[in-house]
Every structure is written in structure tokens, then in C-alpha cells.
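Going letter by letter, the sequence shown gives residues 180 to 364 in the numbering used here.
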Amino acid sequence: MHSLHALRQILIQILRFNTKVIDAFPASPAMTLASFRVGLYVAPVYLLQSLFHVLQPGGADDFLMFAATEVLTYVIGWALFPVVLLQLAPRLGWGLRVLRYITVYNWFQVVVALALLPFIVLNGLNLLPPQAAQLLMMLIGTAIMVYSWFIARHSLKVPGMTATGCVILDLLLSVFINGVLPSLI
């Protein structure tokens with residue numbers, strides 16, 4: 180296990196596109212499983228986003244249904260992408276590298292949450308004009324995809340197009356989980 184200080188340093192190195200630091204994460208089932216605790220660490224950011232949604236006019240007429248849907252989609256969001264990756268790994272010859280990828284990907288969600296937090300607060304308080312909010316979200320989303328590509332490329336040790344496929348898969352699953360799934364519940 181890494182200390183939180185060591186993990187912080189590793190994440191800073193990833194933000195600097197340091198490829199060597201990715202190998203600091205062992206490709207082990209125990210480390211991968213432990214990385215899912217990040218979902219608890221970053222949950223308050225997404226809870227804040229949900230609260231802002233509820234507080235908007237017409238936000239949530241049925242609060243209990245809204246809360247249950249949010250919790251369910253959050254849990255599915257944390258589980259679905261790794262499950263799909265674990266199914267693809269044997270077919271694509273990734274071996275245990277998929278465990279390293281999932282671990283690094285999970286820990287990188289701390290950076291994602293921290294990047295989104297100012298946007299969530301400013302947008303939730305209606306302090307951003309709509310065009311500025313769209314531009315900021317586009318910039319944050321682009322940065323997240325670039326780093327996600329970098330993490331996929333160097334954790335899995337795959338060609339760029341395969342890493343692009345991982346990013347697109349993640350994006351499509353996110354759209355399904357956040358856009359389609361709530362209407363099915």
C-alpha cells in the first residue's frame with residue numbers, strides 16, 4: 180500500500196505526464212480492490228453536485244427516488260467500467276496490466292473530482308454565465324480525456340488507438356450510466 184503522501188506525489192507526476200511513475204502501482208488484485216475506496220473519498224464532490232441539482236427549481240420532485248437513483252448510478256459508475264475492462268483483458272492480451280490500469284484510473288478520480296469541484300460550486304451557485312460554464316466544462320472534460328488516454332496507454336502498454344478506444348468506452352459507459360440509466364430506474 181502507498182501512503183496518501185506517496186499517492187499524491189504519484190498523481191502529481193502523472194499530471195506531468197511522467198510515464199515511469201505508473202509502474203509504481205503494482206498490478207495486483209489486492210491493490211486494485213483497495214483502489215475502489217477512492218469512490219468514498221470523492222463521493223462528497225458528487226454529493227455536492229447532486230445537492231445543487233436538488234436545490235434548482237424543479238430539481239427533484241421525489242427526493243427519495245432521486246437520492247436512490249443517484250446512489251445507484253454512482254455505484255454502477257464505479258463498477259461497470261472495471262468489469263468491462265476485466266472481461267476485455269484476456270481477449271486483448273492485457274494480462275495483469277489491466278489491474279494496474281484500473282488502480283491508476285481509480286486513483287486519478289481524485290484529480291478529476293478536484294478539477295470538477297470549482298466548476299460544480301460556481302455553476303451550482305449560478306455564478307457562471309451559460310457560455311462560460313459550457314466552455315469550462317469542455318476544457319475540463321478534454322483535460323480528463325487526455326489524461327485518461329495517457330493512463331490507458333502507459334498502464335496497459337498499448338498503442339495509442341487502443342488507449343483511445345478505452346477512453347471512448349469509458350465515455351460511452353458514462354453517458355449510458357448518467358444519461359440513460361436514470362430514466363430506466
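All C-beta atoms in this analysis are idealised placements derived from N, C-alpha and C, irrespective of residue type, glycine included.
Does the beta-carbon of Thr-282 have 16 or more other beta-carbons within 10 angstroms, so that it is buried, or is it exposed?
buried
Should Asn-357 be labelled buried (16 or more other beta-carbon atoms within 10 Å of its own) or exposed?
exposed
What are the start and end residues of each continuous alpha helix (DSSP H) run of 4 or more residues lying completely inside the region 241-281, in chain order?
The region 241-281 contains these whole alpha helix (DSSP H) runs: 242-271.
Could you check if Ile-191 is buried or exposed, using at least 16 other CB atoms within 10 Å of its CB as the buried criterion?
exposed
Straight-line CA distance for Val-250 to Gly-218?
12 angstroms
Alpha-carbon to alpha-carbon, Pro-208 and Val-200:
19 angstroms
For the 8 angstroms Cβ check, are there 3 or more pairs between the region 338-353 and the region 222-234?
Taking 8 angstroms as the limit for Cβ pairs, the verdict is that the region 222-234 does not touch the region 338-353.
Coil, strand or helix - Thr-198 by DSSP
Reduced to three states, the DSSP call for Thr-198 is coil.
Would you please state the rounded distance, in angstroms, between the beta carbons of Phe-204 and Arg-276? I believe it to be under 8 angstroms.
That pair is no contact at about 11 angstroms.
Is the CB-CB distance between Leu-307 and Val-224 below 9 angstroms?
Contact flag unset, no.
Whose C-beta lies closer than 7 angstroms to the C-beta of Leu-265 among residues of the same chain, with five residues either side of it excluded?
Val-277
Locate the alpha helix (DSSP H) running through Ile-356, then write down its first and last residues.
Careful: Ile-356 lies outside any alpha helix (DSSP H) and carries neither H nor E.
Val-290 versus Val-221, Ser-214 and Ala-213, residue with shortest Cα-Cα distance
Val-221
Check whether the Cβ atoms of Gly-303 and Leu-227 lie closer than 9 angstroms to each other.
Contact: yes.
For Thr-198, which residues in the same chain have their Cβ closer than 6 angstroms to its Cβ, ignoring the five residues on either side in sequence?
Hits under 6 angstroms: His-333.
Output needed for Met-210: all residues of its chain with C-beta closer than 6 angstroms, excluding positions within five of it in sequence on either side, in chain order.
Taken in chain order, the residues that qualify are Thr-282.
Thinking Ile-193 and Phe-260 are a contact (beta carbons under 8 angstroms), I'd like their distance in whole angstroms, please.
Their Cβ separation, rounded to whole angstroms, is 18 angstroms, which puts Ile-193 and Phe-260 out of contact at 8 angstroms.
List the whole-angstrom C-beta distance separating Gly-272 from Ser-353, where the pair is believed to meet the contact cut-off of C-beta under 8 angstroms.
In fact, because the Cβ distance is near 26 angstroms, the residues do not count as touching under 8 angstroms.
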